[in-house]
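Residues in the sequence shown are numbered consecutively from 7, following this note's numbering. Yeah, the Cβ is synthetic: ideal placement off N, Cα and C, and Gly gets one too. Computed from a predicted model, the values in this text were never measured in an experiment. Structure, as structure tokens:
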Amino acid sequence: MSRLDHTHDPALISWVESANRHCDFPIQNLPLGAFSAEGQARRIGVAIGDFILDLTAIGDLLDEDWREDLSLPVLNAWLARGPADHTALRHRLSELLSDQRYRDDVEAALIGQSEATTYLPCIVGDYTDFYVGIYHATNVGRQFRPDQPLLPNYKYVPIGYHGRASSVRVSGEPVIRPAGQRKPPDAEVPEYGPSRRLDYELELGLWIGRGNRLGEPIPIGEATDHIAGYCLLNDWSARDLQAWEYQPLGPFLAKNFLTSVSPWVVTADALIPFRVSAMKRPKGDPEPLPYLRDDDPAPGLGLTIEALISTEQMRAGGLPPHRLSHGDAAAAMYWSAAQIVAHHSSNGCNLQPGDLIGTGTLSVDNDDGLGSLLEISRGGKQPITLLSGETRSFLEDGDELILTARAKAEGAVPIGFGDCRGVVVGVS
Ligand code: CA
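Laid out in structure tokens, this is it:
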């Protein structure tokens, strides 16, 4: 596994001045993504301060062996290379962006983020969503089964379901209100119409780097080497559709109308200073089965994750977004990222470069850190009041939902993920 090195040094600064003390993209981060500048083709870049460094434009300064994969419009081929190349590119980018000797050659390849369009970083072959947020699982379970919120398999099996890859989109994609079958508890038969209980889910996404062959599970000790990086993920959810359709096969049309992710792949290397110990399993909980036993002393991600809402009225009135929740990702995750990957492949299922895996909603064990409106409004029974005086149980047309993540640790420069946003659009 990769280790702390000079690229994480808090004293390291960039000649890109906006990078220094940048809340998301200081030189210690260096996340990769796909972007285009006006009139140009889509390509791979790295976020640095308020800019994107165009990697195709500095191909001559990179290892010849890397150029072909880095000149593609998506990151799949690059992510497939695995940790050694990923670390080597990070070292080179850190050098190019800190050493004044390279400034003249590199500066011309910087594009302002405000002038660029960002895209999904990979072609997502498969998207899977897990359910590792134990407090979310408990809160939701309690609404359906007050006596037994967590089902007996939860503490043995990292629960997940296969989502839909075609509707995974990058931050900024409009959230077209889904329609579907909904059946209020007092109605005799369902009806078809626009969802009345549209919700978000605050999640992290894992981008798979190197894959595994069909029939060859990834051992838990090697699982982190298959995770190229992380993003924010919003699993938009239509709760009324979900409540009616979810039995017996789980989520379907309540979820697959859109999944939004933040544009940047925050690399596993960039997050090394922010690794923390896992959630302590409550006394009496079973030990993970051997194939899920993770000996990594710091498998958790020390990230503060937030969800904010801004209504149309709030934006018109110049009011700041309202923070719906903030919490610590590691304190929400019953299963680690490595356990997710090991479990997913444990039956021989093959993961492929650029596959996207959601953690599931990351709610913590207090009311300030609930990762969905379903939990915050107690199933719609306790609406929240916003600064504008408006109330919300679920999302209304015109609402913008914003997810953020920030990593902080003693002795490290904090880094961020970049936002994951979406505005709800009504259907006429
Ligand atoms: Ca989810």
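Residue i Cβ short of 8 Å to ligand 1 heavy atom set
{"i": "tyrosine 137", "result": "yes"}
{"i": "glutamate 207", "result": "yes"}
{"i": "glycine 147", "result": "no"}
{"i": "aspartate 241", "result": "yes"}
{"i": "threonine 144", "result": "no"}
{"i": "glycine 333", "result": "no"}
{"i": "glycine 366", "result": "yes"}
{"i": "lysine 261", "result": "yes"}
Presumed contact (8 Å Cβ cut-off) between residue i and residue j, rounded CB distance
{"i": "histidine 12", "j": "glutamine 34", "result": "In fact, because the Cβ distance is near 10 Å, the residues do not count as touching under 8 Å."}
{"i": "tyrosine 206", "j": "leucine 376", "result": "Tyrosine 206 to leucine 376, Cβ: 11 Å. No contact."}
{"i": "threonine 124", "j": "alanine 40", "result": "7 Å"}
{"i": "valine 267", "j": "leucine 238", "result": "7 Å"}
{"i": "tyrosine 108", "j": "leucine 67", "result": "7 Å"}
{"i": "glycine 169", "j": "threonine 265", "result": "7 Å"}
{"i": "threonine 144", "j": "leucine 156", "result": "6 Å"}
{"i": "arginine 216", "j": "alanine 86", "result": "6 Å"}
Proximal residues to residue i (C-beta, below 8 Å), its chain only, five neighbours per side dropped
{"i": "alanine 344", "result": "Ile226, Ala229, Thr230, Ile233, Asp300, Asp302, Pro305"}
{"i": "serine 383", "result": "Pro389, Ile390, Arg398, Ser399, Phe400"}
{"i": "aspartate 405", "result": "Ile315, Ser316, Thr317, Glu318, Arg398, Val429, Val430"}
{"i": "proline 327", "result": "Leu314, Ile315, Ser316, Met320, Glu406, Ile408"}
{"i": "valine 112", "result": "Leu59, Ile64, Leu67, Leu102, Leu103"}
{"i": "glutamine 248", "result": "Pro257, Ala260, Lys261"}
Residue i, buried or exposed, once every other Cβ within 10 Å from all chains shown has been counted against 16
{"i": "glycine 324", "result": "exposed"}
{"i": "arginine 96", "result": "buried"}
{"i": "glutamate 209", "result": "buried"}
{"i": "aspartate 71", "result": "exposed"}
{"i": "aspartate 246", "result": "buried"}
{"i": "alanine 284", "result": "buried"}
{"i": "glutamate 251", "result": "buried"}
{"i": "asparagine 372", "result": "exposed"}
{"i": "arginine 49", "result": "buried"}
{"i": "proline 190", "result": "exposed"}
{"i": "lysine 261", "result": "buried"}
{"i": "leucine 255", "result": "exposed"}
{"i": "aspartate 105", "result": "exposed"}
{"i": "serine 100", "result": "buried"}
{"i": "asparagine 159", "result": "exposed"}
{"i": "serine 434", "result": "exposed"}
{"i": "arginine 151", "result": "exposed"}
Beta-carbon spacing of residue i, residue j below 9 Å
{"i": "leucine 307", "j": "valine 347", "result": "no"}
{"i": "valine 176", "j": "proline 127", "result": "yes"}
{"i": "alanine 418", "j": "phenylalanine 280", "result": "yes"}
{"i": "glycine 221", "j": "asparagine 356", "result": "yes"}
{"i": "histidine 142", "j": "serine 369", "result": "yes"}
{"i": "glycine 364", "j": "aspartate 241", "result": "yes"}
{"i": "glycine 366", "j": "valine 138", "result": "yes"}
{"i": "aspartate 91", "j": "proline 257", "result": "no"}
{"i": "proline 269", "j": "glycine 424", "result": "yes"}
{"i": "serine 517", "j": "glycine 186", "result": "The structure shown does not extend to residue 517, since the chain is modelled only from 7 to 434, so the question has no answer here."}
{"i": "lysine 161", "j": "arginine 9", "result": "no"}
{"i": "isoleucine 311", "j": "leucine 409", "result": "yes"}
{"i": "valine 181", "j": "valine 431", "result": "yes"}
{"i": "serine 173", "j": "phenylalanine 263", "result": "yes"}
{"i": "leucine 36", "j": "isoleucine 19", "result": "no"}
{"i": "methionine 339", "j": "isoleucine 140", "result": "yes"}
{"i": "aspartate 69", "j": "alanine 115", "result": "no"}
{"i": "glycine 235", "j": "leucine 38", "result": "yes"}
{"i": "proline 223", "j": "serine 394", "result": "no"}
{"i": "threonine 93", "j": "aspartate 275", "result": "yes"}
Contacting residues, own chain, Cβ-Cβ under 7 Å from residue i (five flanking each side not counted)
{"i": "glutamate 396", "result": "Thr317, Gln319"}
{"i": "glycine 131", "result": "Ala171, Gln358, Gly360, Asp361"}
{"i": "asparagine 82", "result": "Cys128, Ile129, Pro359, Gly360"}
{"i": "leucine 330", "result": "Ala313, Leu314, Ile315, Ile382"}
{"i": "histidine 349", "result": "Pro164, Leu298"}
{"i": "alanine 335", "result": "Leu210, Leu307, Leu309, Ile311, Leu368"}
{"i": "alanine 122", "result": "Phe41, Ser42, Ala43, Ile58"}
{"i": "proline 196", "result": "Gln187, Arg188, Lys189, Trp250"}
{"i": "glycine 386", "result": "Arg203, Ser399, Phe400"}
{"i": "proline 292", "result": "Lys161, Tyr162"}
Below-9 Å beta-carbon distance, residue i vs any chain C residue
{"i": "aspartate 374", "result": "You won't find chain C in this structure, because it holds only one protein chain."}
Contacting residues, own chain, Cβ-Cβ under 6 Å from residue i (five flanking each side not counted)
{"i": "aspartate 75", "result": "Ala83, Trp84"}
{"i": "proline 184", "result": "Ser201, Ala244, Phe263"}
{"i": "serine 24", "result": "Gly55, Asp56"}
{"i": "glycine 422", "result": "Cys29, Asp30, Arg412"}
{"i": "leucine 392", "result": "His328"}
{"i": "aspartate 403", "result": "Val430, Gly432"}
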